[in-house]
Amino acid sequence: MKRGLVLLVLLCLIVVTGFAKTYVFEAIPETGLAKTILALEKLPVFGTVFMIGAHPDDEDNGLIAYLAKGLHLETYYLVSNWGQGGQNEIGPELYEALGVLRSQELASARAIDGGKQLCFNAYDFGFSKTAEETFNNPDWDKETIIGNLVELIRTYKPDIVLSRHAPTGGHGHHQACGVLVPEAVAAAADPNMYPEQLEAGLQVWQAKKLYQAGSGGVRVNTGEYDYVLGYSYNQIGRIARGSHQCQGMAGSLGTPGDAFSNYKLLSSTVGMEETGMFDNLDFSLKAISNGIAGDPEVISAIDGMLLELNGITSSILAGFNAMDPTGIGDEVLEGLSLVREMIAFAAESNLSDNNKELLVERLVIKEADFLAAAREVFSTKLLVSGNDSAIVPGQSFEVTATFWNLGKEVIDKAELALVLPEGWTVDKESEAFEAINFNTNGQAKFTVTVGADAAYTDAFDENPISAVAVWEVMDTSVWTESVADIRVVPKVSVSLDPERLMTTASSSAITRTINVKVQNNSKEAVSGTVDLELPAGWEIVTKDTSFSLGKENESKSIQVEFKIPANAPLGESEIVAEAIVDGEVFNKGFQVIAYPHIETKNYYKSSVARVAVIDVEVASGLKVGYVDGGLDINTVYLRQMGVDVTELSPADLASGDLSKYDTIVIGMRAATTRPDIEANSARLNEYVFNGGNLLVQYHKTREYLGSWAPFDFTISSNRVTVEEAEIKILVPDHPIFNWPNVIGDSDWEGWKQERGLYFPSKWAPEFTPLIDTDDPGEDIPAGSLLIANYGKGTYIYTALVWYRQLDYLVPGGYRVFANMLSLPKVK
C-alpha cells in the first residue's frame, strides 16, 4: 500500500478519535452482536456533546453512557487536569505518577461508558477553596486555560456543552471550571478571541446549548434500560465509575430503575423554552448540512444525498437480522459509498473554504461511522503484535499483522501495511492477499528497524506502531487500523533509590549510600560504568562502579558510597546518575504503572535524586514502631534521619511486645488497609497508659474513629489548603516545640500543597490543641495537632500532612516530626 494512502487513512482516524485513549476493559459485554447493533444504530445520528469537569471522577458516568450508547452521540469528557495532587488508595503513585494512573483510570471508564477522553491541561496543585485561589496559581493561568478549552471546542464542535460545576460552592478547581466554561463557550464563537487558532486553521464555533449541573432545569433519566446491553445507562455508568479505584471507588452495579441527571440551561441559540435537554436540536443526518452556507444548488444537492442516506440507514436497521448480520452488508457499503461521493462532491464544490472544510469534516466523521459498521457487519478483525514489546532505538524486530475474516462473505482482497514514525524503516511497504474466505486470515510479517533517534514512549504517548488493512468486499474499499502493544524504551535505563534523600547536618564528614539501578532493555549484552554528579565538595568513595548485563531485562543495583564533607551547607541539591555504555550516556529510567484495571504505562523520570542537608536531631536511642498502611513512605525518611524504625505487622499489634518501642506511629490513613488497628485499639491504648507515645496521622472521616483513642474526638472535613497559612503556637513551652529541635517561624515555611486536612472539630477535654491554623478568612477549630496524657504516656493525633513535607524534604517537617517522635525521651 502506498504510504500516502496509509497517512490519509490515519488522518481520517485522527479526526474521529482525537486524543481519546481506548483500552478494552470488558466489564460491559459490548462485543459480537451488541457491538454490531450499537454501530448500526449510530448511522442515522450526528451530534456531539462535551461534558466538562475539574478532575478524574467529576464526570456524570450514567449520562455519558446514555449520550454515547443510548443516543449514539459523540460524547467527550473534558477534564481540567489529571488529578496529580490527590491521594492514592491502591498504591504508591503520587504527583506525576498519580496523574498517569488517574489518566488511565479515565480511559478505562470511557471504554465502559462509551465516551472519549480529553484534557485541557491545567494542573492539580492540590485542594483549593475558591476560584480566586485557583486562578492565582501559575498552573491555572486563566487566559491560557480558557485558550486550551476554546481550542478543543473549535476542534470538536460540540452542539451541547455540559458544565459539571458552578462558579460557587465546592472545591476551588470546581468553582474555577464553573467560571471558565461559560467564558470559553462564548470565546470559541468570537473571531476576536484567540485569533492565532483561526490562523492555524480552526474555525469559530458556537455551541447551541450550555448547561450547568444542578436542579431547577431539565432532568435526564439515565435509569432507562438498554435491551442490547442488558443494563440501564446508570448501571453502566456505575461500573465505569468503579475504574477510579485509586480514589476508593468500587463500581457496584446498583439496582435498575429511574436515575436522574439534573442540569439547568445557562444559554442557548435555539431558544430557552424547553421541557427536555434535547428540545430544538437536530441530531439527524440533516445536521450534517445545518449551518452550511453557499450556493443553494450545492446545498440542495447535499440535502438530497443526505435524505437518500437516511433512507439507506432506515433500511439497514429495519432489515438487520441477528442470525445473519452480513445480510445488510450491501446496504452498509451502499451508504459508505454515498458518503464518499458526498465528500468528493463537497470538496469540488464552489462553497467557501470555511463552509467546505466544515462540511467535509462532518462527512468524514460519518464515513468513520459507516466504516465501523462495515467492520462489524462483515466480522473482520486486525491483530498486530511484535516479537518484542519493549524495543530500543536502532533495534530490528519482527511485527506480525493478521487480518481475519470471521464473516460469511468472502473478502475479495486485502493489503496490509505498517504505519511507522519518521526515521524508522521496514523491509517491505505492504503485502497483498486475494480471496480471504470465512474463518481464514491474511498474515504479513515485517522486519522493522527503530530509528536511531526514536523518542521513548512516555505515559501520554500513543504506542508508535500501527497496522492498517485496506480490504475490499462487494467492490467497496474498507480500512481497519490496529495499534501494536509496543513501546520504545532506552537501551539502558537508569534509576536511583532513594529518589529523595535527606541527611542530617554534621560537624564531621559522613558517608552515605545511594543505589543506582541499571537495566538492559536490549537484546544484546551491555557493559559500562555508572557515574554520579554530586554537589560541590562531595566525593564518590566507591571505586568500582562497573556493570555487565548479559541479557534483556537483566538489571543490577550498584551501591555507590559518597562522602558528605563536614559542615556541608544546609539546603537542597541534586545527585545525577549516568550510565556510560560504549561512550553513550543514559540518564533516564521509567516507572511501570500497571494495574489490572488500566493499560500499562511507562512514566519516565530523569535519573536524578533530590538530596537535602537538614539541621535536625532525634533523641538518642529512640526506638519507633510504625504501622504502615502502604499509603506513605515515611519509614524511609525516618531511617534517613537516623531513627531506629520497625514496621509492625498485624501479629505484632495483636500479640507482640509493644513496650520496647518509645513511640508507635500509625501511618497516614493506615486504618483503611489495616483493620487490625481498630481490632487492637484497646491494646494500643494500654501501650500508651503504660508509658508509650502513640502518634496517629490523619485519616478521613469514618476511617478512624475517635472512640478508638483513650479519649474521644470527631474527625471533620476541615482543612487548611494555603501552604503559607499562619501557624499559631498555642502552648509555646511544650516539648514538641522545644526539644530536641527548637521550633521557630522558619520551620513552618516552604510547606508543600497544604497545611493539613480532616482536622478534628470536637474533642474531649483531656486533649490539648497545640497549634491553630486557618485559611484566610476562616476560623475553624484548632484540631490539627492534639495531644493528651493518658496514664504514663501520651496520645497524639495530627492532621498536618507530614508525608508530603517529608517527601518534599521540607526541613521544618522533619524537625517537628522528630520532636513528636522524641517526646518520651524528654528529660
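Using numbering that gives the first Met the number 0, the first residue of the sequence shown is number 0, and each one after it goes up by one. Backbone N, C-alpha and C fix where the C-beta goes; we use that ideal spot for every residue, glycine too. These figures come from a predicted structure and were not determined experimentally.
Between residue i and the rest of its own chain, which residues show a CB-CB distance below 6 Å, the 5 nearest in sequence each way excluded?
i	result
Ala239	Asn60, Ala108, Ile111, Asp112
Phe585	Pro489, Val491, Val493, Ala578
Ala400	Val383, Leu415, Ala443, Ala466
Gln639	Met501
Less than 7 Å between C-beta atoms, sequence neighbours within five positions excluded: which residues of the same chain meet that for residue i?
i	result
Thr47	Leu72, Glu73, Tyr155, Lys156, Pro157, Asp158
Val565	It should be noted that the sequence gives Ala, not Val, for residue 565. Same-chain partners within the cutoff: Ser505, Ser506, Ser507, Ala508.
Lys407	Thr325, Phe437
Ser572	Pro534, Val610
Trp204	Ile152, Arg153, Lys156, Ala187, Ala188
Gly270	Asn279
Thr475	Leu332, Leu335, Ser336
Ala183	Ile145, Leu148, Val149, Ile152
Leu6	The pLDDT assigned to Leu6 is 32, lower than 50, so where the model puts this residue is not dependable, and the model offers no usable value.
Ala292	Asn354
Asn740	Val615, Glu616, Arg814, Ala817, Asn818
Leu93	Asn87
Which residues share a DSSP beta bridge with residue i?
i	result
Arg486	Ala389
Gln442	Thr401
Trp762	Phe712
Leu161	Met50, Tyr210
Gly885	Any property of residue 885 remains undetermined from this structure, which presents the chain solely from 0 to 826.
Phe561	Arg511, Ile539
Ala781	BP columns for Ala781 are empty, so no partner.
Cys118	Val78
Glu646	Tyr625
Taking 7 Å as the cut-off, is the CB of residue i close to at least one heavy atom of the ligand PLP?
i	result
Gln558	Only the bare structure without any ligand can be found here, which leaves the ligand PLP out of the picture.
Check residue i in the structure and name its three-state DSSP category.
i	result
Lys522	coil
Ala611	strand
Leu381	strand
Ile13	Its pLDDT being 30, under 50, Ile13 is placed unreliably by the model, and the measurement read from it follows with that caveat. Correct three-state label for Ile13: helix.
Pro568	coil
Asp746	helix
Phe134	helix
Val409	coil
Ile301	helix
Ala317	helix
Glu273	coil
Thr576	Thr is not the amino acid found at residue 576; the sequence shown has Ala there. Strand at Ala576.
Lys156	coil
Thr768	Residue identity differs from the one stated: residue 768 is Pro in this sequence, not Thr. In this structure, Pro768 counts as strand in the three-state DSSP scheme.
Trp478	strand
Tyr602	strand
Glu25	Legend: pLDDT at Glu25 = 41, less than 50; position of this residue unreliable, value from coordinates given subsequently. Glu25 falls in the coil class under three-state DSSP.
Asp732	coil
Gln205	coil
Asn309	helix
Asp426	coil
Ala504	coil
Just confirm the distance between the C-beta atoms of residue i and residue j, as a whole number of angstroms; I'd bet it's less than 8 Å.
i	j	result
Val612	Leu569	5 Å
Glu560	Thr541	5 Å
Leu265	Tyr226	No, Leu265 and Tyr226 are not in contact; Cβ-Cβ is about 34 Å, not under 8 Å.
Met847	Tyr636	Absent from the model: residue 847. The displayed extent of the chain is 0 to 826, so no value can be given.
Leu77	Leu105	With 8 Å as the limit, Leu77 and Leu105 do not qualify as a contact, their Cβ atoms being about 11 Å apart.
Ile592	Ala96	6 Å
Leu548	Asn519	4 Å
Arg754	Leu799	6 Å
Val529	Ile557	5 Å
Taking the alpha helix (DSSP H) that residue i belongs to, which residues open and close that run?
i	result
Lys40	What sits at residue 40 in the sequence shown is Glu, not Lys. Run containing Glu40: 31 to 40, per the alpha helix (DSSP H) assignment.
Trp470	Run containing Trp470: none in the alpha helix (DSSP H); it sits in the beta strand (DSSP E), 465 to 472.
Ala110	95 to 112
Met341	328 to 346
Gly706	Residue identity differs from the one stated: residue 706 is Ser in this sequence, not Gly. Where Ser706 is concerned, there is no enclosing alpha helix (DSSP H), given that its DSSP letter is neither H nor E.
Met819	810 to 821
Ser680	680 to 688
Does any residue of chain D bring its CB to less than 8 Å from the CB of residue i?
i	result
Ser476	In the structure shown, chain D does not exist; there is a single protein chain.
Leaving out five residues on either side along the sequence, give the residues of the same chain with a beta carbon under 8 Å from the beta carbon of residue i.
i	result
Leu419	Val425, Val447, Pro463, Ile464
Asn827	Since the first residue of the chain shown is 0 and the last is 826, residue 827 is not available in this structure.
Ala434	Val409, Ile410, Asp411, Lys412
Tell me the residue span of the beta strand (DSSP E) that contains residue i.
i	result
Val493	491 to 496
Ser658	It is not in any beta strand (DSSP E) - Ser658 carries neither H nor E in the DSSP assignment.
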